[in-house]
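>
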Amino acid sequence: MPWFPVKKVRKQMKLLLLLLLLTCAAWLTYVHRSLVRPGRALRQRLGYGRDGEKLTGVTDSRGVRVASSTQRAEDSSESHEEEQAPEGRGPNMLFPGGARKPPPLNLTHQTPPWREEFKGQVNLHVFEDWCGGAVGHLRRNLHFPLFPHTRTTVTKLAVSPKWKNYGLRIFGFIHPARDGDVQFSVASDDNSEFWLSLDESPAAAQLIAFVGKTGSEWTAPGEFTKFSSQVSKPRRLMASRRYYFELLHKQDDKGSDHVEVGWRAFLPGLKFEIIGSAHISLYTDESSLKMDHVAHVPQSPASHVGGYPAQEEPSADMLHPDPRDTFFLTPRMEPLSLENVLEPCAYAPTYVLKDFPIARYQGLQFVYLSFIYPNDHTRLTHMETENKCFYRESPLYLERFGFYKYMKMDKEEGEEDEEEEVQRRAFLFLNPDDFLDDEDEQELLDSLEPTDASLQQSHRTPTPAASPETTASPTPPTTSPLDEQTLRHSRALNWAPRPLPLFLGRAPPPRTSEKSSSKVYVTRVRPGQRASPRALRDSPWPPFPGVFLRPKPLPRVQLRVPPHPPRTQGYRTSSPKVTELRPPVRAQTNQGGQEGQLHGQGLMVPTVDLNSSVETQSVTSFLSLSQVSRPQLPGEGEEGEDGAPGDEATSEDSEEEEEQAAGRPLGRWREDAIDWQRTFSVGAMDFELLRSDWNDLRCNVSGNLQLPETEAVDVVAQYMERLNARHGGRFSLLRIVNVEKRRDSARGSRFLLELELQERGGSRQRLSEYVFLRLPGARVGDEDGDSPEPPPAASSHPDSRPELCRPLHLAWRQDVMVHFIVPVKNQARWVVQFLADMTALHVQTGDSYFNIILVDFESEDMDVERALRAAQLPRYQYLRRTGNFERSAGLQTGVDAVEDPSSIVFLCDLHIHFPPNILDSIRKHCVEGKLAFAPVVMRLGCGSSPWDPHGYWEVNGFGLFGIYKSDFDRVGGMNTEEFRDQWGGEDWELLDRVLQAGLEVERLRLRHFYHHYHSKRGMWATRSRKGARAHRS
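Counting in our numbering, the sequence shown runs from 115 upward without gaps.
#1: So, using beta-carbon positions, are residue 892 and residue 862 closer together than 7 Å?
#2: For residue 220, which residues in the same chain have their Cβ closer than 8 Å to its Cβ, ignoring the five residues on either side in sequence?
#3: To which residues of the same chain is residue 358 closer than 7 Å at the C-beta, ignoring the five residues directly before and after it?
#4: Report the three-state DSSP secondary structure of residue 246 (helix, strand or coil).
#5: Quick check on residue 267: buried or exposed, where buried means 16 or more other Cβ atoms within 10 Å of its Cβ?
#6: Would you call the CB atoms of residue 1042 and residue 1053 closer than 7 Å?
#7: Using a Cβ-Cβ cutoff of less than 6 Å, which residues in the same chain neighbour residue 485 once the five nearest sequence positions on both sides are dropped?
#8: Which whole-angstrom value is the C-beta distance of residue 1081 and residue 442, which I expect to be below 8 Å?
#9: Between the C-alpha atoms of residue 462 and residue 447, what's the straight-line distance to the nearest angstrom?
#10: With a Cβ-Cβ cutoff of 7 Å, do residue 445 and residue 958 count as a contact?
#11: Can you give me the C-alpha to C-alpha distance between residue 788 and residue 502, rounded to a whole angstrom?
#12: Using only CA atoms, which one of 943, 937, 128, 244 lies nearest to residue 995?
#13: Is the Cβ-Cβ distance between residue 1049 and residue 1024 less than 7 Å?
#14: Who pairs with residue 376 in a beta bridge, going by DSSP?
#15: Among 251, 264, 142, which has the Cα closest to the Cα of residue 1131?
#16: Where DSSP assigns a beta bridge to residue 281, which residues make up the other side?
#17: With a threshold of 6 Å on Cβ separation, who are the neighbours of residue 293 within its own chain once the five nearest residues in sequence on each side are excluded?
#18: I'd like to check one pair, residue 919 with residue 459: are the Cβ atoms closer than 7 Å?
#19: Can we count residue 506 as close to the ligand FAD, meaning its CB is less than 6 Å from some heavy atom?
#20: Between the stretch 289–303 and the stretch 360–378, do three or more beta carbon pairs fall short of 8 Å?
#21: For residue 447, which three-state DSSP category applies?
#22: State the Cα-Cα distance for the pair residue 1111 and residue 1125, rounded to the nearest angstrom.
#23: For the beta strand (DSSP E) holding residue 878, just list the boundary residues, first then last.
#24: According to DSSP, is residue 1008 part of a helix, a strand, or is it coil?
#25: I need the DSSP call for residue 477, collapsed to helix, strand or coil.
#26: So, does the stretch 833–852 touch the stretch 514–523, judging by three or more C-beta pairs under 8 Å?
#27: Can you look up residue 359 in the DSSP assignment and give me helix, strand or coil?
#28: Which value, in whole angstroms, describes the spacing of the CA atoms of residue 121 and residue 143?
#29: Among the candidates 466, 876, 970, 982, whose CA atom is the shortest distance from the CA of residue 1106?
#30: Using only the alpha-carbon positions, how far apart do residue 1028 and residue 440 sit?
#31: Quick one: what does DSSP say residue 496 is sitting in, helix, strand or coil?
#32: Out of 492, 329, 509, 491, point me to the one whose CA is closest to residue 499's CA.
#33: Report the three-state DSSP secondary structure of residue 370 (helix, strand or coil).
#34: Mapping DSSP to helix, strand and coil, what is residue 522?
#35: Closest to residue 814 by CA distance: which of 495, 934, 833, 941 is it?
#36: Work out the CA separation of residue 1066 and residue 469 for me, nearest whole Å.
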């Protein structure tokens, strides 16, 4: 038996127990990590992170999509099955801007029964009035692929409607003529895709040929080999089977629209032939089906994938999340608990037009806008690339001068600010400092030596003599109005300090004036100190060239100018004759800088020759005053007159002078110099302060007016002080969600405060109440005389600051019923979309206090009543009218069906995308007897969607109108007599009567409130000139 050290074990028992505990702890840690890692991967696959935090693409308790903030890099290696998210689909489509979970693809695996009479044609679905040239643009259409504009058939795979902005979906079966390998090719203008299934099932379709992906690619008719993607690989087909195919085509507004599919046997030298009627057949017969029957429409991979780009950052600021979008889900404080927070006061704004006579449609001018805080980003900044109407400058001014007038260019030290000097000296007035003094003028006139030509013409134009008496006064000579205007124009052209331009050719002599002086004046601009007469004569270049203002027509003047290379084209002058280039006259010069002599007609200007190179020669031109004062050419000289800041006018001759002074040779072509080191100063600009609260009908991209932060915070601080004084400090302010202000400069301003509060020991609550900031001394009685203003309490502000009070009869109800009234006729696809949106609104918000009233004018393309019954709406009403479509009569019929006068009726359109808070917005801005609501809708452009909104605000439209039924009846309802057979203008006429009844009309731009772009062809049973071949069997 081996020896066992019992005594040593007993002595080291404590150490052994510690070692055992450490071993157990290490083993338990290993087991825990082994179990936790699969569990964490499982939670991430199901959408949950640590502590139950939601990950990417999941929905919080309020139904809003939230982003991931807990995903770790260590798990990035694990594989996750990703699905492509089609744009505009998903259960959370009412919350634009957030992530959207893609729905499962509902591919068609079971085909309908096929009959032999289907041969000879295929199904054709047309999606009209949708911009873009890529097939991906077609897939972004709201109604693609189930609800086309037209269903018809074609007899061959070559279609050319000769139209624009449309998309085609052609589908059916191909019947091969024989067994073997076949190649397909597609040609189109613009893009197209050809999908072919391995059998007759649409779910097995594969993309085998296409023309382009971006919308810019196209081919000529029959050009089957322009792109490598056009021609498919050989496919083995059997004559005893049929194969499902799908052809998608998108055409923009340019080019010769066409799409055709050709095939050929896979043999050398064979050409592609169009697939004719002998080898195609229908997928199903749609001739007897209504437009809302879509169960038979095949859904293949071509209909769902490949056209939706990856989700990127929203292009519009309005798509970013905002607390206003979901704040209505927060429980609201009871209005009864807020009644005694502020003292009551009468509310009768001065801008209300009660019983005030206005002309037809003049109510548009009496609608005022409200100010909003914080910024709701309703300004369409992404649409201001071309439309800059938000700024006060005209588009022509911005195109020419830009925003340089808001910038002040920094000047280098010692540099003269010539622009300020030019602005200081107006073009229409002469500065006395610009005239020569007596001594300077006498020396200048002494240097003028007449030539032989001038002596010959002295009998017609005598040379004026200067005397001490005449030179004592700097008064300019008296001229006729026409000459005076001409001379002023001349000053405008030659005011800047630059060399005198070189005018070539002859011009007619200037007109003579009846009354003139015998004195000669020389006007010059002197930004610095004046040079002495001797310096003027000895300088190598006249420092301040000017224009000689002559009282009488003088002979042509022979000017000595700095040597330039001869120009091939003369300056354009006011002379009607064609300018001619005169040969240079030989000049006698010496290196000492003595005066050269040029023989010609006129006077000689005293100049000094430059030490120029041998290649350059003096150029002689004959200049008259009419040439100096020539008319301006378009775009010439306007910058100086308009005074656009930041524009620097540097003449061509001054650049030549600088190059010549620097010793550089003058080239024929020169590049503009760029000052990369130019800096500028600018102040913070808030263009919102320049806007007024008048209804701006001029600009359709500007958003809601912005309320200054200081004013909003001051009002909220006053209200919170009163609230805590009333309730003993139970509530604390979490954030200011929304503040709306309607200004009345005479009596005070109305505010709608929406605050998120935290109750002590309780939950978050929502405060949404109207308050009135009354101006000192403003006290009015109720307009009806029934409830005069109660006596105000003692003011707590001895400095007569405005006081907050609770306006009487200005409280909105949260539980009021809202009735959406929509007249329809033959708009099946839009009715289905409208009902789907309203159903989703009910599901997402849980609000059941709304009713859908559809007034149907005998629609033939669908059973509207059956669609209403199938929709999961809280309540609805179906009303049927006969005859032609009349919007006014339809709306009035819907309002008459509402029994409760204390409910809200919302006159609506069918093509509207509603934001999630639409019900709350309507209730907040409709107060019985006081307020009506006309929200501004954003009209989407062609090819645009709520998730990529491009369009403009409908600032002129008041067709979407919310008002209490009692107020609607009081103003007389819709004008059904005048607008019987037409629509357009009935909303303005209703607005006039609403304003005259003493109601305010709240006008706000709502986030995510869109009017879909839709085709007007075929609306309201309009007949086309050529009979349609739709539904032909």
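Glycine included, C-beta positions come from ideal geometry on N, C-alpha and C.
So, from the data block:
#1: yes
#2: 413
#3: 287, 311, 314, 315, 316, 319
#4: coil
#5: buried
#6: no
#7: 819, 821, 855
#8: In fact, because the Cβ distance is near 24 Å, the residues do not count as touching under 8 Å.
#9: 26 Å
#10: no
#11: 28 Å
#12: 937
#13: no
#14: 299, 388
#15: 264
#16: 241, 364
#17: 352, 353
#18: yes
#19: The ligand FAD is not part of the structure shown, which contains no ligands of any sort.
#20: yes
#21: coil
#22: 29 Å
#23: 878–888
#24: helix
#25: helix
#26: no
#27: strand
#28: 34 Å
#29: 466
#30: 14 Å
#31: helix
#32: 509
#33: coil
#34: strand
#35: 495
#36: 34 Å
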